[in-house]
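Protein chains in written order, with this note's numbering: chain A, 1 to 111; chain B, 1001 to 1113.
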Amino acid sequence: TQLLEQSPQFLSIQEGENLTVYCNSSSVFSSLQWYRQEPGEGPVLLVTVVTGGEVKKLKRLTFQFGDARKDSSLHITAAQPGDTGLYLCAGAGDSWGKLQFGAGTQVVVTP
Amino acid sequence: DTAVSQTPKYLVTQMGNDKSIKCEQNLGHDTMYWYKQDSKKFLKIMFSYNNKELIINETVPNRFSPKSPDKAHLNLHINSLELGDSAVYFCASSPMGGSYEQYFGPGTRLTVT
């Protein structure tokens, strides 16, 4: 079983601050995805990273895939209340790319 | 238009009953999934179908039976419901296997009393 560990489990910050969420595993993934889930809704895909060392930016969000493709981070600059949500990382490994999800990081950004 | 839809949104039922959840996607995707999200928000895959063929079948009690009448629909039937089945069930679809982006439905919150 490819286990993905996310840290921290919970993060509460004020608007304008920066934050980083980590996703770590001892296994190698062919790709890794980040999703955001809001209450009462399904997860929404933010980004997919495929290449070791890859960095992708989505406005104020920066995603990095580790060189060994075992870990990833999500950095949010100048967080806004709209960034509040449950952030989930998910790794694809086997031939059918069954996604293995981390337990999630709940981010709360207060005005 | 909703990309992945599920019905019902909420389902409250008693132990021992049988219930079904329906899912439809209008994205033209080949692969569909069922996930279970527990009270701690952990999302775990249950089943995956590709073009109506069962591809992934995780360790799920055989009280759970998925059915895919066509590649746009994947339903989940649950027999003899138990308290531990209470969770949010998500349907998702992707263009190809799990390596590609998955698009989730809004979820069905099942409460077994």
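Virtual Cβ for every residue (Gly too), placed ideally from N, Cα, C. These figures come from a predicted structure and were not determined experimentally.
Secondary structure of residue i, DSSP reduced to three states
{"i": "P81(A)", "result": "helix"}
{"i": "I1083(B)", "result": "At residue 1083(B) the sequence reads Leu, which differs from the Ile that was named. Helix."}
{"i": "R69(A)", "result": "coil"}
{"i": "K98(A)", "result": "coil"}
{"i": "Q1006(B)", "result": "strand"}
{"i": "Y1100(B)", "result": "coil"}
{"i": "G91(A)", "result": "strand"}
{"i": "Y1113(B)", "result": "Per the sequence shown, residue 1113(B) should be read as Thr rather than Tyr. T1113(B): coil per DSSP, three-state reduction."}
{"i": "A103(A)", "result": "coil"}
{"i": "Q9(A)", "result": "coil"}
{"i": "L1076(B)", "result": "strand"}
{"i": "L120(A)", "result": "Because residue 120(A) is not part of the residues shown, which for chain A are 1 to 111, the question remains open."}
Beta-carbon neighbours of residue i, restricted to chain A and to distances below 9 Å
{"i": "I1045(B)", "result": "K98, L99, Q100 and F101"}
{"i": "K1071(B)", "result": "Result: empty, since nearest Cβ-Cβ is about 16 Å, beyond 9 Å."}
{"i": "F1104(B)", "result": "Y35, Q37, E41, G42, P43, V44 and L45"}
Cβ-Cβ distance between residue i and residue j below 9 Å
{"i": "F63(A)", "j": "K56(A)", "result": "yes"}
{"i": "H1159(B)", "j": "S1065(B)", "result": "As displayed, chain B neither begins before 1001 nor continues past 1113, which places residue 1159(B) out of reach and without an answer."}
{"i": "L1083(B)", "j": "I1021(B)", "result": "no"}
{"i": "G102(A)", "j": "A92(A)", "result": "no"}
{"i": "Y22(A)", "j": "Q37(A)", "result": "no"}
{"i": "L4(A)", "j": "S31(A)", "result": "no"}
{"i": "Q1006(B)", "j": "C1091(B)", "result": "yes"}
{"i": "G85(A)", "j": "G66(A)", "result": "no"}
{"i": "T1108(B)", "j": "P1008(B)", "result": "yes"}
{"i": "E41(A)", "j": "T110(A)", "result": "no"}
Proximal residues of chain A, C-beta to C-beta of residue i below 8 Å
{"i": "F1042(B)", "result": "F101, A103 and G104"}
{"i": "G1107(B)", "result": "G40, E41 and G42"}
{"i": "E1101(B)", "result": "Q33, L45 and T48"}
Closer than 9 Å at the beta carbon, the chain B residues around residue i
{"i": "L88(A)", "result": "K1041 and L1043"}
Check: residue i C-beta below 8 Å from any heavy atom of the ligand ADP
{"i": "F29(A)", "result": "Among the ligands in the structure shown, none appear at all, so the ligand ADP cannot be discussed."}
Contact set between residue i and chain A, taken where Cβ atoms lie within less than 7 Å
{"i": "F1090(B)", "result": "G42"}
message: Beta carbons nearer than 9 Å to chain B: which residues of the region 32–48 of chain A have them?
response: The residues in question are Q33, Y35, Q37, G40, E41, G42, P43, V44, L45 and T48.
- request: Give, in chain order, every unbroken run of the alpha helix (DSSP H) that is at least 4 residues long and sits entirely within the region 1009–1074 of chain B.
  value: Fully enclosed alpha helix (DSSP H) runs of no fewer than 4 residues are not present anywhere in the region 1009–1074 of chain B.
message: Which runs of the beta strand (DSSP E) at least 3 residues long sit entirely within the region 15–79 of chain A? Give them in chain order.
response: Fully enclosed beta strand (DSSP E) runs of no fewer than 3 residues occupy 19–24, 31–37, 44–49, 55–58, 61–65 and 71–76 of the region 15–79 of chain A, in order along the chain.
task: Using a Cβ-Cβ cut-off of less than 7 Å, give me the residues of the region 1052–1071 of chain B that come near chain A, in sequence order.
output: Of all residues in the region 1052–1071 of chain B, I1055 and I1056 have a Cβ within less than 7 Å of some Cβ in chain A.
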